[in-house]
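To keep things clear, I will list the structure first and then write my remarks on it.
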Amino acid sequence: MSHHGGRGRARKLLIVGGVAGGASAAARARRMDEDCEIIVFDRGPHVSFANCGLPYFVGEVIQDEKELLIATPELFRKRFNIEVRTRSDVVRVDAKARQITVRDLESGKEYVESYDSLLLSPGAQPIRPPLPGIDLPGIFVVRTIPDSRKIRSWLSDRDVSSAVVIGGGFIGLEMAENLQRRGLAVTVLEAANQVMPPVDPEVAIVFQHHLEERGVNVELGDAVAAFEQREQGLMVSTGSGKRVPADLVVLAIGVRPETALAKAAGCTLGESGGIDVDEHMRTSVPGIWAVGDAVEVRRAVSGAELVLPLAGPANRQGRIAADDIVGRQASFRGVQGTSVCGAFDMVVAMTGCSEKSLRRNGMSDYERVYLHPGHHVGYYPGATPIHLKLLFRRSDGLILGAQAVGSHGIARRIDVISMAIQKEGTVFDLEEAELCYAPQFGAAKDPVNLAGMIAANVMRGDLKLARWEELGQTAAQIIDVRSPAEFEKGAIPGAVNIPLEELRERLDELSDDREVWVYCQVGQRAYYATRLLIQHGKQVRNLPGGYTTYQNFAALRAGG
Ligand code: FAD
């Protein structure tokens with residue numbers, strides 16, 4: 360983010376785009392300035408609608424379209440004295456004259472509107488790659504209420520039994536769930552080698568296995584190449600030559616920021632393709648602000664610039680831009696990429712950097728721990744595991760990121776860690792975090808505390824970690840400290856089973872000159888073993904997350 364000078368005057372504020380960022384900004388500007396004139400333009404038929412709810416509208420979890428309308432033009436007028444013009448496409452900006460040209464999509468007529476301040480919140484367009492057959496009927500995107508209405512009509516008017524969802528990100532997976540809910544056999548086709556590309560592969564694979572268990576056909580590492588019309592429905596062919604029949608196709612392969620208007624107005628774009636803004640959401644052109652999916656933001660942890668199409672940042676940026684426009688102090692702190700996706704009763708969430716992104720940015724001063732605690736104490740019925748990965752800076756323990764997958768309690772843990780990251784917290788802060796506890800909610804040592812404790816043990820030198828990736832290449836002696844019964848069911852190839860309870864008596868079986876790598880089912884017994892062996896002078900490392908994490912890495916190596 361660079362710094363741009365120039366503050367517009369708020370007397371007349373025009374806003375392009377009336378959904379997440381635009382509607383937030385309009386309402387905030389009014390709350391802070393009763394006198395300015397505010398007009399919101401949207402080319403669609405609605406403003407302030409719940410785009411995040413659209414997959415559930417398709418799945419009929421949300422039955423009535425009206426539920427998706429958070430605020431109507433009438434409410435804006437009556438409650439906030441804000442004028443909303445729907446079906447109004449803003450087609451040009453003349454920044455020098457401070458004027459926009461609006462096309463009324465009902466009449467086709469164009470007119471000019473002047474402004475003192477202009478806020479752009481035009482969002483992002485779903486990507487439609489120019490592939491053969493891309494415009495065939497039955498291929499849909501999900502961005503607006505009319506888009507999802509079209510999918511619903513397609514489902515109700517035809518005999519539809521199969522769907523291909525292209526893209527295994529959060530919209531793709533939410534659509535997969537909702538199409539299965541509507542009785543369709545669903546294939547998810549993803550070009551990357553994992554679902555949920557923002558998280559690391561060994562976390563995503565837990566989600567993938569769950570999707571497969573729930574009957575979703577997941578095809579990875581294969582991009583869509585073409586669509587053809589069959590006698591009934593479509594045929595989707597892939598880069599590797601697979602052919603998957605589908606009565607309906609949903610494209611969910613990401614979005615591209617809507618920057619045409621900003622570019623034409625002379626606003627600078629960032630390297631990621633989003634509109635360049637400073638921390639007050641000002642563009643490079645005086646009098647023009649921009650927020651939401653269309654802008655480039657800075658990742659707070661790594662400093663990387665990116666576009667991050669999420670509703671939370673869009674809403675907060677709208678509020679900040681409005682404050683700046685009316686002359687109040689406000690600045691945006693950057694993003695952490697905190698996000699969550701739930702589908703088929705499984706949840707995956709993350710905050711901060713993934714290990715992939717750290718490596719991409721050339722960061723090597725990091726360490727990671729894995730753990731798999733229950734979402735509440737084991738003795739209270741219904742505990743389910745939280746598979747948690749925590750990344751932190753090796754030199755000082757600064758928290759860099761966290762990811763978790765499981766059925767319950769996922770968002771809560773990631774939200775806590777997200778707040779710690781925002782406050783530039785360390786693993787020692789997680790170790791000490793005081794969190795809610797009663798049997799049905801957590802444990803006296805919450806998973807967040809446990810993650811902090813394990814990481815703090817590493818920081819203090821009480822625990823050394825081995826890397827799973829080096830397993831096949833190490834000369835270390837691998838010791839499995841689980842029970843023989845657990846060992847029999849499956850173990851790391853080449854591992855020797857010495858149950859924790861026998862370790863003190865069998866110390867002479869352990870190497871003195873080679874490293875000893877220990878593991879158990881999830882890491883806890885291996886930690887006890889590590890402490891025991893260190894104090895007996897052994898060179899010990901712990902395989903973090905135990906056999907449970909091993910299985911995820913092994914499945915990745917085996918190709919899913
Ligand atoms: P939008 O909310 O998209 O609003 C932009 C508006 O501007 C649109 O109505 C568009 O028609 C209008 N517009 C654009 N150009 C012009 C023009 N020239 N003239 C007039 N009008 C124009 N985020 C989450 O954090 N969690 C979720 O669970 C989640 N689920 C989602 C599910 C779906 C199906 C979709 C599509 C998105 C989801 N998102 C989610 C993303 C979230 O909705 C967006 O990040 C957020 O809406 C961005 O806000 P925005 O104001 O930048 O753009």
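Start counting the sequence shown at 360; every next residue gets the next number (my numbering).
C-beta atoms are modelled at their ideal positions from N, C-alpha and C, and glycine is treated no differently.
Is it the case that the Cβ atoms of residue i and residue j are separated by a distance below 8 Å?
i, j, result
"residue 776", "residue 807", "yes"
"residue 428", "residue 405", "yes"
"residue 680", "residue 859", "no"
"residue 654", "residue 634", "yes"
"residue 787", "residue 811", "yes"
"residue 530", "residue 611", "yes"
"residue 770", "residue 699", "yes"
"residue 666", "residue 555", "no"
"residue 709", "residue 565", "no"
"residue 685", "residue 369", "yes"
"residue 682", "residue 387", "yes"
"residue 522", "residue 575", "no"
"residue 789", "residue 758", "yes"
"residue 456", "residue 625", "no"
Among the options, which residue has its Cα nearest to the Cα of residue i?
i, options, result
"residue 798", "383, 741, 389", "741"
"residue 688", "696, 598, 903, 638", "638"
"residue 334", "865, 867, 836", "Nothing can be reported for residue 334: it is not among the residues displayed for the chain, which extend from 360 to 919."
"residue 726", "703, 785, 692", "785"
"residue 651", "375, 370, 371, 369", "375"
"residue 482", "778, 574, 702, 620", "620"
"residue 491", "448, 514, 585, 457", "585"
"residue 754", "818, 774, 394", "818"
"residue 875", "721, 702, 891, 838", "838"
"residue 512", "417, 462, 544, 520", "417"
"residue 484", "501, 468, 457, 570", "501"
"residue 828", "916, 569, 389, 447", "916"
"residue 493", "607, 662, 763", "607"
"residue 674", "645, 781, 847, 411", "411"
"residue 871", "848, 413, 853, 897", "897"
Decide if residue i is buried, meaning its Cβ has at least 16 other Cβ atoms within 10 Å, or exposed.
i, result
"residue 480", "buried"
"residue 452", "buried"
"residue 473", "exposed"
"residue 761", "buried"
"residue 716", "buried"
"residue 419", "exposed"
"residue 367", "Note that residue 367 has pLDDT 43, beneath the 50 cutoff, so the model's placement of it is unreliable and no number is given."
"residue 729", "buried"
"residue 488", "exposed"
"residue 495", "exposed"
"residue 803", "exposed"
"residue 553", "buried"
"residue 772", "buried"
"residue 843", "exposed"
"residue 695", "buried"
"residue 592", "buried"
"residue 904", "buried"
"residue 705", "buried"
Counting only the same chain and skipping the five closest in sequence on each side, list residues whose C-beta sits under 8 Å from that of residue i.
i, result
"residue 408", "378, 427, 428, 429, 503, 504"
"residue 551", "527, 579, 580"
"residue 886", "813, 816, 822, 901"
"residue 628", "618, 621, 622, 634, 635, 655"
"residue 470", "460, 461, 463"
So with Cβ pairs under 8 Å, would you call residue i a contact of chain B?
i, result
"residue 765", "Looking for chain B here will not work: only one protein chain is present."
Keeping to the same chain, check which residues put their C-beta closer than 7 Å to that of residue i; ignore five residues upstream and five downstream.
i, result
"residue 403", "445, 503"
"residue 907", "731, 880, 881"
"residue 693", "656, 657, 658, 659"
"residue 895", "866"
"residue 714", "559, 727, 750"
Cutting at 6 Å between CB atoms, please list the residues of its own chain near residue i, excluding the five before and the five after it.
i, result
"residue 596", "584, 585, 602"
"residue 850", "839"
Any heavy atom of the ligand MN within a distance shorter than 7 Å of the CB on residue i?
i, result
"residue 854", "For the ligand MN, the structure offers nothing, since it holds only the ligand FAD."
Which runs of the beta strand (DSSP E) fall wholly inside the stretch 574–598 and span at least 3 residues, in chain order?
For the beta strand (DSSP E) assignment, the uninterrupted runs of no fewer than 3 residues enclosed by the stretch 574–598 are, from N- to C-terminal side, 576–578, 583–588, 593–597.
Return the chain-ordered ranges of every alpha helix (DSSP H) run that is complete within the stretch 490–573 and spans a minimum of 4 residues.
If we require 4 residues or more, the alpha helix (DSSP H) runs fully inside the stretch 490–573 come out as 504–516, 529–540, 560–572.
I'd like the ranges of any alpha helix (DSSP H) spanning at least 4 consecutive residues and lying wholly in the stretch 599–624.
619–623
Continuous beta strand (DSSP E) assignments of at least 3 residues falling wholly in the stretch 624–712
647–649, 698–702, 705–711
In chain order, which beta strand (DSSP E) runs of at least 3 residues are fully inside the stretch 407–489?
If we require 3 residues or more, the beta strand (DSSP E) runs fully inside the stretch 407–489 come out as 442–444, 447–453, 458–463, 469–473, 476–479, 483–485.
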